[in-house]
Amino acid sequence: MSDTTPPRVRVGTGMSGDRDAREAGRVAASVAVEALAGEAPALVVVFATPRYNLPELLAGVRSVTGEALLVGSTGSGEIVCGKYLGFGGGVGVLAMTAGPYRFAAASAAGIADDSESLDRAGRELTRAARERAGSSRHAAALLITDSLLGDLQQFVQGVYRITGPRVVIVGGAAGDEQRFVQSSVFHDDAILDKGALVLWIASDQPLHVATRHGWQTTGAPLLVTAAVGTEIAELGGRRADEVYEAQLNLADKLTPDTFWGTSILHPFGLTQPDGRHVIRVARTKTPTGGLKIQGCVPSVGSAVQVMSGSADSLLDVTEEVIAEALHDRPDASVLLTFSCAARAMIFGERAPEEARRLQAAAGEIPTFGFYCCAEFARTAGVLGTHNATLTAVAL
Amino acid sequence: MIEKYRTAVQDMTRLNRLFAILSDPASLDVVVDRVVIALSEMFAADVVALLTPDGHGDFTTVGAIGLPEELRGRPFSGCDTCCAAAAIRSRAPILVADAMRDPGMDPILTGLEIQTAAWLPVLGAREILGVLVVGRGQPLPFSLSDTDLIMTMTQRVGLVLESARADEERVRLEFRLRQAEKAESLGRMAGAIAHQLNNKLTGVMGSLELALNEVAAGGDPRVEISHAQVAARQASRIGQQMLAYLGHGSRGRQDLDIVALCRDAIQEVELSLRAEILLRTVFPHRPLIVRGSSADIHQLLTNLATNAVEAIVREGEIVVAVREMPANEIVRSSLLHCDWIPGSRTYACLEVSDTGWGMDAEVLKNAFDPFFTTKFTGRGLGLPVVHGVVRAHDGALEVNSSPGVGTTVRVFLPLVEEQATA
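In structure tokens:
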């Protein structure tokens, strides 16, 4: 009688706050790999503060994990089994055996930030990663991109052109602790500038992405009447900043310097047919009255609403996300989580609470992830790029 | 009340967005791609596909989002019981609430686990052009108001599709016409080359024959051999000019001051100028450096000046001017090739204008065809050579002419970048 039990996935996580990049990488990877009980990792995921000497950091990790496929990025705080490492906190490493999965990645650096280049990069990387992984009944495309590439939805769109709806799209955009100067994507030994990576996860079992944000609408729907690049130029035919500020009863009170402090608490919600909202955060206002959106601008003709939320309402979705992610996968070996750096800023001193609640809800299943500058989670239609949102996938 | 207001705003914004896409003067492929993506976003539809009959009873995908790459080439079924055929027959939307159990659903969509779908006929003003299918992976049926809205959008898509197809057909016919004209021009050119070379070679052969006779008679054949040499050189010159026309004539490129080249060429022209013709020059005080072949550019200048001189029957004026011009001031629609793309920020503009007899539209259309000439003694290689030299130097050419008024030819040659950025 043959054994039909799928091969077991072994997962290990490690972290380090050591100031020495190579040592931090080595220590975190050693702890992670130790948990594999002598098996070699098939996939290594690394999320780290951008303050490290990154080549040294990866050299430290690879000194332990060898040639195992490595993916990851810089971020704005790491999530490692209930711990939140915070800005400048260090490095988190996940090592896992393949079990029933097959992993393959494709990446590119120096991607131009125009729509066509991003769409093409999404298609080409997805095609290449899928080809390397081979065919399977189910799959997920885990995306890690530079957050400064422009309209990241164009990249997701390119990915979706190849995958269609049966392949889960999940992931996050690299960050630099909210400085918006340079973020980096990791692939094996390479540190990619203006880069993107697609990790193809071939699976025999269905995979599922869960996503929630915790924001509520406030005020009337607004019509985006002009958008340029990643900027909303007009709402209802008027300067976007004036309309936005009027909705919040803050007319003429927000300067470019004080804008971010308010806009982070009042993102836009892109109205969806089922009543949900896809969140878009305006990061800055321009001298001409435009609102620059992080990662993905709502198209002209979109209906948006200004949203409100609190640390509590945002944290309260944590358990829902985990429950949904584990709904069909109670036997999962790991939960990969992607939360927004803006959420961590809103949480302030309570930031570690999200990581704690994620792990508490996941029980024995390790949680691992990072705080991103845009979260990827396609659940309906082509839109799969979010801000200020928490997303997770169970493997 | 608020809910109604919200729905109205949302519908209006969706229509606005779609109409903005449809009114964008992009290619049909791009417009269809944007439409399906917009519909996918607006209605949270996992699959949106525009299908047209493939002529064999099935449907082919014109544009889609959400169809995995490996399924893009697969035809959608056109059988009598399928939703696509039903939508076309009824000229009305077909709504499918439980797609996985509906026998009319296409297996491509059920394979993608689409739960609810709407099939909408795409109606043009004269015919049914295809079907738009919108499908969701969630069990969230399309509401009647959604369907009405998508149907309104689909009708507009149909009109745009029909108009775009008519445009494509017109462009296709124009292209075929242009190809036919080119073929005619090539035929004329090949005939003319053969004729011109034949003339010259006949001269060579005749002179050599006379030379042989002269030798046989014990005479001196040098005069005949010299005549043969002249005819052979003329044949070679035709070959060189054809190479110049084809843009293959440039050799030995270097940085050249086009102002100085113009001064030299004009001095040569002045020597042979009739007294009734006034020649004016307008040159800048500083050099304008272009990279090229001095022989080719000299040839270009001489050809333009010679054409201008020959265009003036009695008295008249020729103006030769050189100036610097930013690329963005060159009016591309006026150029001989309006698809020309500037490769430099700044150009040298060489302008030769005359008050001669000018050209009508028909003559102007053929003026750059090799061996086309209106002059009794011309070989018809003057302007084609100019054109070839300009192309070989990554430049552009503009010609304006009116019968009885005169002709202005502008040649734009890229200035070397060090000078352009100075």
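Heads up: the protein sequence lines correspond to chains A and B, in order.
Count along the first sequence from 1, add 386, and you get the number used in my numbering.
Count along the second sequence from 1, add 19, and you get the number used in my numbering.
The C-beta atom is built at its ideal place from N, Cα and C for all residues, glycine as well.
All values derive from a computational prediction rather than experimental measurement.
For a Cβ distance threshold of 7 Å, residue set L609, G687, S688, A689 of chain A lies close to T32(B), ordered along the chain. Every unbroken stretch of the beta strand (DSSP E) spanning 3 or more residues and falling wholly within the segment 343-373 of chain B is given here in chain order: 365-373.
For the pair S719(A) and V457(A), the CB atoms are not nearer than the 7 Å cut-off. Nearest to S649(A) by alpha-carbon distance, out of T435(A), T657(A), V667(A), A526(A), is V667(A).
At a Cβ-Cβ threshold of 7 Å, C759(A) and A559(A) count as neighbours.
Residues of the segment 655-680 of chain A with a C-beta atom less than 9 Å from some C-beta of chain B are L656, T657, Q658, P659, D660, R662, listed in chain order.
Straight through space, the alpha carbons of V234(B) and G225(B) are spaced by roughly 14 Å. For V67(B), the CB contacts under 7 Å within the same chain, skipping 5 residues up- and downstream, are V55, L58, S59, A83, I84, G85, V153 in chain order. Pairing P427(A) with A481(A) gives a Cβ-Cβ distance under 7 Å. Judged by beta-carbon spacing, G755(A) lies within the 7 Å limit of T723(A), meaning their Cβ atoms are closer than that value.
Look at the segment 534-554 of chain A: the residues with a C-beta under 8 Å from a C-beta of chain B are Q543, Y546, R547, I548, T549, G550, P551, R552, V553.
Taken in chain order, the members of the segment 82-116 of chain B whose beta-carbon sits within less than 8 Å of a beta-carbon on chain A are I84, G85, L86, P87, E88, L90.
In this structure the segment 547-564 of chain A touches the segment 461-477 of chain A; the number of beta carbon pairs closer than 8 Å is three or more. Contacts with chain A (Cβ-Cβ distance below 8 Å) from the segment 52-73 of chain B involve I56, A57, S59, E60, M61, F62, A63, A64, D65, V66, listed in chain order.
Distance from the CA of G401(B) to the CA of S46(B), rounded to the nearest whole angstrom, comes to 38 Å.
Between G581(A) and V571(A), the C-beta spacing is below 7 Å.
For G76(B), not one C-beta of chain A is nearer than 7 Å to its own C-beta. Taking a contact to require three or more Cβ pairs closer than 8 Å, the segment 467-485 of chain A and the segment 409-418 of chain A qualify as touching. The C-beta distance from V371(B) to A324(B) rounds to 6 Å, short enough to fall under 8 Å. Counting along the chain, the unbroken beta strand (DSSP E) around S589(A) starts and ends at 582-589. Secondary-structure assignment with DSSP links V152(B) through a beta bridge to A68(B), W138(B). A direct Cα-Cα distance of roughly 11 Å separates V301(B) from I337(B).
The three-state reading of DSSP puts K639(A) in coil, since its state is none of H, G, I, E or B.
Within the same chain, Cβ atoms closer than 8 Å to the Cβ of R36(B) are found at A57, M61, the five residues on either side in sequence being excluded. In terms of Cα proximity to R408(A), the closest of G424(A), R448(A), V431(A) is R448(A).
Taking 7 Å as the cut-off, the Cβ atoms of V595(A) and A763(A) count as close.
The shortest CA-to-CA distance from D315(B) to any of E289(B), A386(B), D186(B), R410(B) is the one to R410(B). The C-alpha of D379(B) lies about 35 Å from the C-alpha of L220(B). Counting the other Cβ atoms within 10 Å of the Cβ of T641(A) gives fewer than 16, which makes it exposed.
L769(A) has a beta carbon lying within less than 7 Å of a beta carbon in chain B. Chain-order list of chain A residues neighbouring L151(B): empty, with the shortest C-beta distance near 15 Å, by a criterion of under 8 Å.
Per DSSP, reduced to three states, the secondary structure at P441(A) is helical. Following the DSSP letters along the chain, one finds Q286(B) inside the alpha helix (DSSP H) bounded by residues 277-290.
Inter-residue distance for D413(B) and I133(B) is about 54 Å (C-alpha atoms, whole angstroms). The C-beta of A39(B) comes closer than 7 Å to at least one C-beta of chain A. The CB of E132(B) comes closer than 8 Å to the CB of P551, R552 in chain A, given here in chain order.
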